[in-house]
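Have a look at the structure below before the remarks.
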Amino acid sequence: MNEMKTAIYPGSFDPVTLGHLDIIRRASVMFDRLIVAVMHNQNKQPMFSVRERMDFLRRTTEGLPNIEITSFGGLLADYAKQQGACAVVKGLRAVSDFEYEFQMALANRKLNPELDTVFLMTSAEYMYLSSSVVKDIAVHGGSVAGFVPDGIIQDIVRRTGKDG
Ligand code: PNS
53 MNEMKTAIYP
63 GSFDPVTLGH
73 LDIIRRASVM
83 FDRLIVAVMH
93 NQNKQPMFSV
103 RERMDFLRRT
113 TEGLPNIEIT
123 SFGGLLADYA
133 KQQGACAVVK
143 GLRAVSDFEY
153 EFQMALANRK
163 LNPELDTVFL
173 MTSAEYMYLS
183 SSVVKDIAVH
193 GGSVAGFVPD
203 GIIQDIVRRT
213 GKDG
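Start counting the sequence shown at 53; every next residue gets the next number (our numbering).
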């Protein structure tokens, strides 16, 4: 039996926010190995490519020894099995996140009965924060300082062509 506890934190991370990093840091101490998995998302038109999103995550999680940054397509339940993960980590911000997350957690467990979903409550200062909010601020020329890690602010400014 594999004693090593692996969890997956999946998402679009378009781009990574301070809210995501808070969840990553907290989950990284709960599991032996944490795979942060960037989803190839066909539905949404992303601001950053999967490569760029992975690069942002790598740069901003450098000090954390048990983190791996990967990407995946297809079903999360299958990817978790392939990676030997026993848990999916999700951040919950508000009651409005709950219904959808509950539905996904149940579907994922049905697809992979060995897979459980662990919800971490957001830290209060990130209640309002999402990648969509960050992109909206950035495209309208607002400052995203305090929303995303300092190390990626210039990448966002370059992409939107607005200097915030
Ligand atoms: O950051 P996001 O966009 O909220 O992340 C959504 C994500 C990647 C967690 C979700 O879309 C997902 O798990 N996609 C994989 C496809 C899948 O397994 N779908 C069935 C889940 S019930």
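Glycine included, C-beta positions come from ideal geometry on N, C-alpha and C. Nothing here was measured: the structure is a model prediction, and the numbers come from that model.
For this session: Report buried or exposed for R105, applying the criterion of at least 16 other Cβ atoms within 10 angstroms of its Cβ.
Result: Answer is buried; the Cβ neighbour count reaches 16.
For this session: Report, in whole angstroms, the separation of the C-beta atoms of F124 and M91, which I expect to be a contact under 8 Å.
Result: Under the criterion of beta carbons closer than 8 Å, F124 and M91 qualify as touching, at roughly 6 Å.
For this session: Would you give the residue range spanned by the beta strand (DSSP E) that E151 belongs to?
Result: From DSSP, E151 is part of no beta strand (DSSP E) but of the alpha helix (DSSP H) over V147 to L163.
Exercise. Within the present structure, is the beta-carbon of M91 separated from the nearest heavy atom of the ligand PNS by less than 7 Å?
Worked result: Proximity of the beta carbon of M91 to the ligand PNS is indicated: a heavy atom of the ligand is located closer than 7 Å.
Exercise. Is it the case that the Cβ atoms of I205 and V196 are separated by a distance below 8 Å?
Worked result: Their beta carbons are under 8 Å apart, which means I205 touches V196 by this criterion.
Exercise. With 16 other CB atoms within 10 Å as the buried threshold, where does S183 fall?
Worked result: It is buried - the Cβ of S183 has at least 16 other Cβ atoms within 10 Å.
For this session: Would you mind working out which of A132, K96, G203 and G213 sits nearest P62, comparing C-alpha positions?
Result: Closest by alpha carbon: A132.
Exercise. Who does V88 pair with in a DSSP beta bridge?
Worked result: In the DSSP output, where bridge partners are listed per residue, V88 has Y61 and I121.
Problem set entry | Residue burial classification, K96 (beta-carbon count within 10 angstroms, cutoff 16) | Under this definition K96 is an exposed residue.
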